[in-house]
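S.K.:
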Amino acid sequence: MNKVKQILDKNSHLHYFSNGYNRILNSTIEFDKISKVGDKVLDVGGTYEKHNKQQSFELIFKAVKDIDYHCVNRGMLDMRTDVLDYKDESFDIVMSHESIEHFWLMKDAGMVDWSGMINFWKESFRVLKKGGVFLVSTRNRMSPFSIEKLCRGKPSMCSFFQVNKSSHIQEMGPTDFIELVDETQLFTDYKLYSVQCRENNYHHKIAQIEALIERKLSQEELYDTIYFKSKK
(Lines of atoms letter the chains of each structure in order from A; the text may use other names.)
(Lines give C-alpha, C1' and ligand atoms only; values in the text may rest on other atoms or scores of the structure.)
Protein backbone atom coordinates (compact mmCIF):
# COMPACT_ATOMS: atom_id res chain seq x y z
CA MET A 46 0.00 0.00 0.00
CA ASN A 47 3.02 2.29 -0.18
CA LYS A 48 1.94 3.76 -3.55
CA VAL A 49 -1.50 4.54 -2.14
CA LYS A 50 0.03 6.27 0.88
CA GLN A 51 2.25 8.33 -1.41
CA ILE A 52 -0.78 9.51 -3.41
CA LEU A 53 -2.67 10.40 -0.23
CA ASP A 54 0.32 12.23 1.24
CA LYS A 55 0.92 14.14 -2.01
CA ASN A 56 -2.73 15.29 -2.04
CA SER A 57 -3.04 15.94 1.70
CA HIS A 58 -4.05 19.55 0.97
CA LEU A 59 -7.36 18.23 -0.40
CA HIS A 60 -10.02 17.98 2.31
CA TYR A 61 -11.20 14.43 1.75
CA PHE A 62 -7.74 13.01 1.16
CA SER A 63 -6.67 14.32 4.58
CA ASN A 64 -9.94 13.91 6.50
CA GLY A 65 -10.65 10.49 4.98
CA TYR A 66 -7.05 9.20 4.92
CA ASN A 67 -7.67 6.02 6.92
CA ARG A 68 -11.05 5.32 5.30
CA ILE A 69 -9.51 5.51 1.82
CA LEU A 70 -6.55 3.38 2.87
CA ASN A 71 -8.81 0.70 4.37
CA SER A 72 -11.00 0.67 1.27
CA THR A 73 -7.96 -0.03 -0.90
CA ILE A 74 -7.04 -2.91 1.41
CA GLU A 75 -10.55 -4.36 1.04
CA PHE A 76 -10.43 -3.78 -2.72
CA ASP A 77 -7.12 -5.64 -2.95
CA LYS A 78 -8.76 -8.70 -1.36
CA ILE A 79 -11.55 -8.96 -3.95
CA SER A 80 -9.80 -7.85 -7.17
CA LYS A 81 -7.41 -9.28 -9.71
CA VAL A 82 -5.38 -7.75 -12.51
CA GLY A 83 -7.52 -6.89 -15.52
CA ASP A 84 -10.84 -6.70 -13.68
CA LYS A 85 -13.38 -4.29 -15.10
CA VAL A 86 -14.40 -2.12 -12.15
CA LEU A 87 -17.17 0.43 -11.67
CA ASP A 88 -16.67 2.91 -8.83
CA VAL A 89 -19.90 4.74 -7.95
CA GLY A 90 -18.95 8.10 -6.49
CA GLY A 91 -15.34 7.65 -7.53
CA THR A 92 -14.35 11.31 -8.04
CA TYR A 93 -15.33 14.69 -6.69
CA GLU A 94 -15.47 16.43 -10.06
CA LYS A 95 -15.64 15.04 -13.57
CA HIS A 96 -12.19 14.70 -15.15
CA ASN A 97 -10.46 16.07 -12.03
CA LYS A 98 -7.66 13.51 -11.77
CA GLN A 99 -6.16 15.24 -8.72
CA GLN A 100 -9.14 14.10 -6.65
CA SER A 101 -9.86 10.86 -8.46
CA PHE A 102 -9.99 7.46 -6.81
CA GLU A 103 -8.79 6.09 -10.16
CA LEU A 104 -5.22 6.98 -9.20
CA ILE A 105 -5.63 5.18 -5.90
CA PHE A 106 -7.28 1.94 -7.00
CA LYS A 107 -5.05 1.57 -10.07
CA ALA A 108 -2.07 1.89 -7.73
CA VAL A 109 -3.35 -1.29 -6.05
CA LYS A 110 -4.06 -3.32 -9.21
CA ASP A 111 -3.83 -2.82 -12.96
CA ILE A 112 -7.57 -2.71 -13.61
CA ASP A 113 -10.01 -1.40 -16.22
CA TYR A 114 -11.40 1.42 -14.06
CA HIS A 115 -14.69 3.25 -14.67
CA CYS A 116 -16.51 5.67 -12.39
CA VAL A 117 -19.71 7.66 -12.17
CA ASN A 118 -20.33 10.57 -9.83
CA ARG A 119 -22.75 13.40 -9.25
CA GLY A 120 -21.13 15.44 -12.02
CA MET A 121 -22.13 12.72 -14.51
CA LEU A 122 -25.52 11.51 -13.28
CA ASP A 123 -27.79 11.32 -10.25
CA MET A 124 -27.36 7.77 -8.93
CA ARG A 125 -30.55 8.19 -6.90
CA THR A 126 -32.76 8.42 -9.99
CA ASP A 127 -30.75 7.75 -13.15
CA VAL A 128 -29.97 4.54 -15.02
CA LEU A 129 -26.31 3.61 -15.46
CA ASP A 130 -25.15 3.89 -19.06
CA TYR A 131 -23.76 0.36 -19.13
CA LYS A 132 -25.10 -2.96 -20.42
CA ASP A 133 -26.26 -5.73 -18.12
CA GLU A 134 -23.47 -7.75 -16.49
CA SER A 135 -20.65 -5.46 -17.65
CA PHE A 136 -18.40 -5.38 -14.55
CA ASP A 137 -16.39 -7.81 -12.45
CA ILE A 138 -16.63 -5.45 -9.47
CA VAL A 139 -19.08 -2.68 -8.57
CA MET A 140 -18.03 -0.68 -5.54
CA SER A 141 -18.96 2.50 -3.75
CA HIS A 142 -17.02 4.12 -0.92
CA GLU A 143 -18.41 6.84 1.37
CA SER A 144 -21.26 7.58 -1.03
CA ILE A 145 -24.37 5.55 -0.19
CA GLU A 146 -25.24 7.83 2.74
CA HIS A 147 -25.76 10.59 0.15
CA PHE A 148 -28.35 8.62 -1.84
CA TRP A 149 -31.35 9.48 0.31
CA LEU A 150 -34.17 11.36 -1.43
CA MET A 151 -36.60 13.73 0.25
CA LYS A 152 -40.37 13.49 -0.02
CA ASP A 153 -42.87 16.25 0.71
CA ALA A 154 -42.62 17.78 4.18
CA GLY A 155 -39.02 16.56 4.50
CA MET A 156 -39.78 12.85 4.73
CA VAL A 157 -36.74 10.65 4.02
CA ASP A 158 -37.19 8.37 1.00
CA TRP A 159 -35.27 5.12 0.39
CA SER A 160 -35.91 5.08 -3.36
CA GLY A 161 -32.54 6.70 -4.19
CA MET A 162 -30.66 3.94 -2.41
CA ILE A 163 -32.87 1.29 -3.95
CA ASN A 164 -32.13 2.66 -7.43
CA PHE A 165 -28.38 2.49 -6.71
CA TRP A 166 -28.80 -1.06 -5.36
CA LYS A 167 -30.76 -2.32 -8.37
CA GLU A 168 -28.54 -0.64 -10.96
CA SER A 169 -25.40 -2.02 -9.29
CA PHE A 170 -26.87 -5.52 -9.41
CA ARG A 171 -27.89 -5.11 -13.06
CA VAL A 172 -24.44 -4.12 -14.35
CA LEU A 173 -22.50 -6.61 -12.20
CA LYS A 174 -21.48 -9.89 -13.82
CA LYS A 175 -22.70 -13.16 -12.37
CA GLY A 176 -20.10 -14.15 -9.81
CA GLY A 177 -18.91 -10.54 -9.55
CA VAL A 178 -18.39 -8.71 -6.26
CA PHE A 179 -20.36 -5.76 -4.87
CA LEU A 180 -18.53 -3.75 -2.19
CA VAL A 181 -19.90 -0.76 -0.27
CA SER A 182 -18.32 1.16 2.59
CA THR A 183 -19.78 3.97 4.64
CA ARG A 184 -19.69 5.53 8.10
CA ASN A 185 -21.29 3.37 10.77
CA ARG A 186 -23.94 5.07 12.91
CA MET A 187 -24.12 2.01 15.17
CA SER A 188 -20.46 2.16 16.26
CA PRO A 189 -19.32 3.23 19.76
CA PHE A 190 -17.84 6.36 18.16
CA SER A 191 -21.32 7.30 16.92
CA ILE A 192 -23.41 6.09 19.86
CA GLU A 193 -21.16 7.91 22.34
CA LYS A 194 -22.51 11.16 20.96
CA LEU A 195 -25.94 10.28 22.36
CA CYS A 196 -24.44 10.68 25.81
CA ARG A 197 -23.67 14.29 24.87
CA GLY A 198 -27.11 14.95 23.40
CA LYS A 199 -25.91 14.72 19.79
CA PRO A 200 -27.38 12.70 16.88
CA SER A 201 -25.98 9.19 16.52
CA MET A 202 -23.65 9.64 13.54
CA CYS A 203 -19.93 9.73 12.79
CA SER A 204 -19.96 13.03 10.90
CA PHE A 205 -20.42 16.41 12.55
CA PHE A 206 -23.91 17.84 12.80
CA GLN A 207 -23.59 21.58 13.43
CA VAL A 208 -25.33 24.73 12.27
CA ASN A 209 -22.28 25.90 10.33
CA LYS A 210 -21.50 22.50 8.73
CA SER A 211 -23.27 20.40 6.13
CA SER A 212 -23.94 16.86 7.26
CA HIS A 213 -25.56 13.57 6.33
CA ILE A 214 -29.32 13.08 6.61
CA GLN A 215 -28.78 9.68 8.20
CA GLU A 216 -25.72 7.49 8.18
CA MET A 217 -26.01 3.74 7.68
CA GLY A 218 -26.05 0.89 10.15
CA PRO A 219 -26.20 -2.91 9.75
CA THR A 220 -30.01 -3.02 9.84
CA ASP A 221 -30.22 -0.53 6.95
CA PHE A 222 -28.26 -2.85 4.68
CA ILE A 223 -30.37 -5.80 5.78
CA GLU A 224 -33.53 -3.85 4.94
CA LEU A 225 -32.16 -3.04 1.47
CA VAL A 226 -31.51 -6.74 0.87
CA ASP A 227 -34.96 -7.71 2.16
CA GLU A 228 -36.73 -5.03 0.12
CA THR A 229 -34.93 -5.73 -3.18
CA GLN A 230 -34.12 -9.45 -2.76
CA LEU A 231 -30.78 -8.62 -4.38
CA PHE A 232 -27.26 -9.33 -3.04
CA THR A 233 -28.75 -11.85 -0.62
CA ASP A 234 -25.44 -13.72 -0.16
CA TYR A 235 -23.60 -11.05 1.78
CA LYS A 236 -21.21 -10.27 4.60
CA LEU A 237 -21.40 -7.25 6.92
CA TYR A 238 -18.35 -6.21 8.92
CA SER A 239 -16.84 -3.11 10.49
CA VAL A 240 -13.31 -1.72 10.25
CA GLN A 241 -11.56 0.82 12.43
CA CYS A 242 -10.67 4.09 10.71
CA ARG A 243 -10.78 6.62 13.53
CA GLU A 244 -8.12 6.47 16.20
CA ASN A 245 -10.61 6.88 19.06
CA ASN A 246 -13.41 4.33 18.73
CA TYR A 247 -14.54 4.76 22.36
CA HIS A 248 -14.02 1.07 23.07
CA HIS A 249 -13.50 1.97 26.72
CA LYS A 250 -17.22 2.84 26.74
CA ILE A 251 -18.50 -0.41 25.22
CA ALA A 252 -19.84 -1.68 28.56
CA GLN A 253 -21.72 1.59 29.06
CA ILE A 254 -23.07 1.49 25.50
CA GLU A 255 -24.17 -2.14 25.80
CA ALA A 256 -26.00 -1.26 29.01
CA LEU A 257 -27.71 1.58 27.16
CA ILE A 258 -28.89 -0.58 24.24
CA GLU A 259 -29.44 -3.63 26.47
CA ARG A 260 -27.47 -6.11 24.34
CA LYS A 261 -23.97 -6.94 23.16
CA LEU A 262 -22.51 -5.11 20.16
CA SER A 263 -21.92 -7.31 17.12
CA GLN A 264 -18.71 -7.17 15.09
CA GLU A 265 -20.39 -5.07 12.39
CA GLU A 266 -21.19 -2.48 15.09
CA LEU A 267 -17.78 -2.24 16.75
CA TYR A 268 -15.96 0.19 14.45
CA ASP A 269 -16.71 3.47 12.74
CA THR A 270 -16.72 2.19 9.13
CA ILE A 271 -19.10 -0.54 7.92
CA TYR A 272 -18.62 -2.70 4.83
CA PHE A 273 -21.22 -4.63 2.85
CA LYS A 274 -19.75 -7.28 0.54
CA SER A 275 -21.70 -9.64 -1.70
CA LYS A 276 -21.26 -11.93 -4.69
CA LYS A 277 -23.88 -11.96 -7.38
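46 is the number of the first residue of the sequence shown in my numbering; add one for each residue after it.
All C-beta atoms in this analysis are idealised placements derived from N, C-alpha and C, irrespective of residue type, glycine included.
Bear in mind the structure is a predicted one, so any value in this text is a computation, not a measurement.
Which same chain residues, not among the five before or five after valine 82, have their C-beta less than 6 Å away from its C-beta?
M.R.: Within the same chain, valine 82 has close Cβ partners Lys110 and Asp111.
S.K.: State the DSSP-derived secondary structure class of leucine 257, mapped to helix, strand or coil.
M.R.: In the structure shown, leucine 257 sits in a helix (DSSP, three-state: H, G or I).
S.K.: Quick check for students: name the residue ranges of the beta strand (DSSP E) that lie wholly in the segment 105 to 145, counting only runs of 3 or more.
M.R.: With a minimum length of 3 residues, the continuous beta strand (DSSP E) runs that stay inside the segment 105 to 145 are 113 to 117 and 136 to 142.
S.K.: Please return the same chain residues whose Cβ sits closer than 8 Å to the Cβ of histidine 96, not counting the five positions on each side in sequence.
M.R.: Low confidence applies to histidine 96: its pLDDT is 48, below 50, so where it sits in the model is not reliable, and the reading given next is rough at best. Cβ within range, chain order: n/a, list empty.
S.K.: Closest by CA to leucine 7, which one among Asn47, Ser80 and Glu265?
M.R.: With the chain represented from 46 up to 277, any question about residue 7 goes unanswered, as that position is not in the structure.
S.K.: For histidine 249, tell me which candidate among Leu225, Val240 and Ser188 has the shortest Cα-Cα distance.
M.R.: Comparing Cα-Cα distances from histidine 249 to each of Leu225, Val240 and Ser188, the minimum goes to Ser188.
S.K.: Within its chain, find whatever has a CB closer than 8 Å to the CB of valine 172; leave out the 5 residues flanking it on each side and keep chain order.
M.R.: The answer, listed in chain order, is Leu87, Leu129, Tyr131, Lys132, Asp133, Glu134, Ser135, Phe136 and Val139.
S.K.: Can you round the beta-carbon distance between serine 204 and leucine 195 to whole angstroms, since I take them to be within the 8 Å contact cut?
M.R.: Not quite, the Cβ-Cβ distance comes to about 15 Å (not below 8 Å), so this is no contact.
S.K.: As a quick exercise: from Asn56, Ser141, Asp234 and Tyr268, pick the residue whose alpha carbon is nearest that of serine 72.
M.R.: Among Asn56, Ser141, Asp234 and Tyr268, the Cα nearest to that of serine 72 is on Ser141.
S.K.: Expressed to the nearest angstrom, what Euclidean distance is found between the alpha-carbon atoms of serine 275 and threonine 233?
M.R.: For serine 275 and threonine 233, the distance between alpha carbons rounds to 7 Å.
S.K.: Give the DSSP-derived three-state secondary structure of histidine 96 in the structure shown.
M.R.: With a pLDDT of 48 at histidine 96, under the threshold of 50, the modelled position of this residue cannot be trusted; read the value that follows with caution. Correct three-state label for histidine 96: coil.
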